[in-house]
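Participant: To start, I am sharing the structure in question, which I have written as structure tokens.
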Amino acid sequence: MRILVLIIQFPPDVNASGRLMAQLCQGLQARGHSVSVITTFPHYEKFRVWDEFRGKLFERVTYAGLDVLRLYVYAYGNKGSMLHRLLSYLSFSVLATLAAFTVRDTYDLILCSNGSFFSGIAASIIARARGIPFIYNVQDLYPETPVQAGQLHNRFAIALLERLERFMYARAAHVTVISPAFRRNVISKGIPAEKVSTIPNFVDTQFIRRLPKANTFSEQHGLENKFVVLQAGNLGYVYDLDTLIDAAMLLRNEAGIVFLIIGDGVMKQRLQERAAQLPNVRFLPFQPEESVPLMRATADIQVALYKRGSGRYSMPSKLYEIMASGRPVLASADPGTDLWQLVNGTQCGVCIEPGDPNQLASVIQHLYSDPALRERMGQRGRLEAEQHYSQQAVVAQYDTLCRALSSPSESGVPAPERIAL
């Protein structure tokens, strides 16, 4: 089957969703499908297009055996408003639509990630024009995610996003979501339950694995003899990173504990300013993909902290990397959320309520003093990742879905249906 993938970020861009999609594409290709990708020039780090790609409108390359068409994108730099983000998403969707009609390749199916909100509209237009189905992969819920992050307040904009998202759900042949809470949300918007499947994100458990703390990354950064609390990834509004800095303040006299914050995002400058006088907080930029296993192995515990309300519809991709690395997860989320239930239910770490630096510091101290507990949590996380969140297991689910959609009358998969806006 010839599959076209639409996604706004893709390697060598450094974000987790792009890396996951690349691995999914490779997995599908290994199962006999021909996969082509339409994406943007790398820009996720600092939200600026990399120097070597500036001034280009498009470029067609081969990445890991995949045919990849990279396009210009409006990269908004330090302009972190929701408006600039939506303009970036819109620029990709418009150009991706034009590119799909310009390129004369033929496709049997489209797989579209909603990491870029308007990409679902692009997929809908392309799919309808070519008479093929498209799968809508939901990584974020709109408008819930930006509203809960405090980035979107305008009632008209919220209503518009709700209607557009509902339209894209309706136009898709099938909707895949990353957690049970996501599925309940989509179904609540009038989408038939049989049209929505929960297929979690995954981790390459052969690439991310249990490795010694003493390694070239920890040695390079002088961390081999430190207890490292790692926050790695996007430093965005939805994350409870101020509470992390508050906990670091409470533990500033614990000479053995270091808070290592790796990544970039709209909150980075604020965090650096707040931590300027803290000797136990260090910042590093996003790390290249090949450094990720050793980076995660350097940590003793790794955090996934959400603000109150923000974790209701969140299941971070990095959670599976943390689990696969064999290190405990220290998360914050509202009780009863998917994140809360996974971490506390599997006992691969501890999930606490957001916004409590005293409790966060207390849990860090407790784990610092109990290496045997950390080891047990890490082992449980690794086992859970291998059994339920491996690349092989998730690729198999997408392979089955793609093949079913190619012959819906035989498979029982419902055809796309229209829901009035």
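The sequence shown runs 129 to 549 under the working numbering. Glycine included, C-beta positions come from ideal geometry on N, C-alpha and C.
Taking the alpha carbon of residue 222 as the reference point, which residue from 275, 232, 466, 185 has its own alpha carbon closest?
Facilitator: Nearest C-alpha to residue 222: 185.
Participant: Please determine if the stretch 340–352 and the stretch 478–487 are in contact, where contact requires at least 3 C-beta pairs separated by less than 8 Å.
Facilitator: No, they do not touch.
Participant: What's the gap between the Cα of residue 543 and the Cα of residue 412?
Facilitator: The predicted model places residue 543 with a pLDDT of 43, which falls under 50 and marks its position as unreliable, so this point remains unresolved.
Participant: Can you tell me whether residue 299 is buried or exposed? The criterion is at least 16 other CB atoms within 10 Å of its CB, across all chains shown.
Facilitator: With 16 or more Cβ atoms within 10 Å of its Cβ, residue 299 is classed as buried.
Participant: Mapping DSSP to helix, strand and coil, what is residue 479?
Facilitator: Note: residue 479 maps to strand in three-state DSSP.
Participant: On the criterion of 16 or more Cβ atoms from any shown chain inside 10 Å, does residue 302 qualify as buried, or is it exposed?
Facilitator: Buried, since its Cβ has 16 or more Cβ neighbours within 10 Å.
Participant: Alpha carbon to alpha carbon, how far is residue 491 from residue 417?
Facilitator: Rounded to whole angstroms, residue 491 to residue 417 spans 30 Å at the Cα level.
Participant: Using a Cβ-Cβ cutoff of less than 7 Å, which residues in the same chain neighbour residue 153 once the five nearest sequence positions on both sides are dropped?
Facilitator: Closer than 7 Å at the Cβ level, and outside the excluded window around residue 153, lie 133, 163, 165, 194.
Participant: So is residue 180 buried or exposed if we call it buried at 16+ other beta carbons inside 10 Å?
Facilitator: Residue 180 should be labelled exposed.
Participant: Does the Cβ-Cβ distance between residue 144 and residue 437 come in under 8 Å?
Facilitator: In this structure, residue 437 does not lie closer than 8 Å to residue 144 by Cβ.
Participant: Since I believe residue 434 is in contact with residue 461 (beta carbons under 8 Å), could you give me their beta-carbon distance rounded to a whole number of angstroms?
Facilitator: Right, the Cβ-Cβ distance comes to about 5 Å (below 8 Å), so this counts as a contact.
Participant: Among 219, 156, 275, whose alpha-carbon lies nearest the alpha-carbon of residue 210?
Facilitator: Of 219, 156, 275, the residue nearest in Cα terms is 275.
Participant: Using a threshold of 8 Å, state whether the C-beta atoms of residue 396 and residue 363 are closer than that.
Facilitator: In this structure, residue 363 lies closer than 8 Å to residue 396 by Cβ.
Participant: Report the start-end ranges of each beta strand (DSSP E) in the stretch 190–243 that is 3 residues or longer and not cut off at the edges.
Facilitator: Correct list: 194–199, 237–241.
Participant: Sorted by chain position, which residues of the same chain lie with C-beta nearer than 7 Å to residue 147's C-beta, five sequence neighbours on each side aside?
Facilitator: Closer than 7 Å at the Cβ level, and outside the excluded window around residue 147, lie 139, 417.
Participant: Can you tell me which residues form a DSSP beta bridge with residue 367?
Facilitator: In DSSP, residue 367 forms a bridge with 434.
Participant: In the stretch 339–384, which residue ranges form an unbroken alpha helix (DSSP H) of at least 4 residues, counting only runs that do not cross its ends?
Facilitator: If we require 4 residues or more, the alpha helix (DSSP H) runs fully inside the stretch 339–384 come out as 344–348, 369–378.
Participant: My output table needs one value for residue 535: the three-state DSSP class, helix, strand or coil.
Facilitator: Of the three classes helix, strand and coil, the one that applies to residue 535 here is coil, per DSSP.
Participant: Where does residue 182 sit, in a helix, a strand or coil, going by DSSP?
Facilitator: Of the three classes helix, strand and coil, the one that applies to residue 182 here is coil, per DSSP.
Participant: Give the secondary structure of residue 517 by DSSP, where H, G and I count as helix, E and B as strand, and everything else as coil.
Facilitator: Residue 517 falls in the coil class under three-state DSSP.
Participant: In this structure, does DSSP put residue 313 in helix, strand or coil?
Facilitator: If DSSP states are grouped into helix, strand and coil, residue 313 belongs with the helices.
Participant: Report the rounded CA-to-CA distance for residue 381 versus residue 392, giving the unit in angstroms.
Facilitator: About 27 Å.
Participant: Once DSSP output is grouped into helix, strand and coil, what is the label at residue 408?
Facilitator: Three-state DSSP puts residue 408 in coil, outside helix and strand.
Participant: My output table needs one value for residue 245: the three-state DSSP class, helix, strand or coil.
Facilitator: In the structure shown, residue 245 sits in coil (DSSP, three-state: anything other than H, G, I, E or B).
Participant: Can you give the beta carbon distance from residue 456 to residue 506, rounded, assuming they're within the 8 Å contact cut?
Facilitator: Confirmed, Cβ separation roughly 6 Å.
Participant: Taking residue 189 as the reference, give the member of 168, 204, 526, 157 with the closest Cα.
Facilitator: It is 168 whose Cα lies nearest to the Cα of residue 189.
Participant: What did DSSP end up calling residue 450 once you bin it into helix, strand or coil?
Facilitator: Three-state result, residue 450: helix.
Participant: Roughly how many angstroms lie between the CA atoms of residue 547 and residue 297, to the nearest whole one?
Facilitator: Note that residue 547 scores 33 on pLDDT, short of 50, meaning its location in the model is unreliable; the coordinates nonetheless yield the value given after this. One C-alpha to the other measures close to 9 Å.
Participant: How big is the Cα-Cα spacing for residue 250 and residue 227?
Facilitator: Cα to Cα, the separation comes out at about 10 Å.
Participant: Measure the Cβ-Cβ separation of residue 366 and residue 314 and say whether it is below 8 Å.
Facilitator: It is not a contact, given that the beta carbons lie outside the stated cut-off.
Participant: If you drop the 5 nearest sequence neighbours on each side, which residues of the same chain put their C-beta closer than 6 Å to that of residue 170?
Facilitator: Excluding sequence neighbours, residue 170 sits near 140, 141, 178.
Participant: By a C-beta neighbour count over all protein chains shown, 10 Å radius and 16 as the cutoff for buried, is residue 288 buried or exposed?
Facilitator: With fewer than 16 Cβ atoms within 10 Å of its Cβ, residue 288 is classed as exposed.
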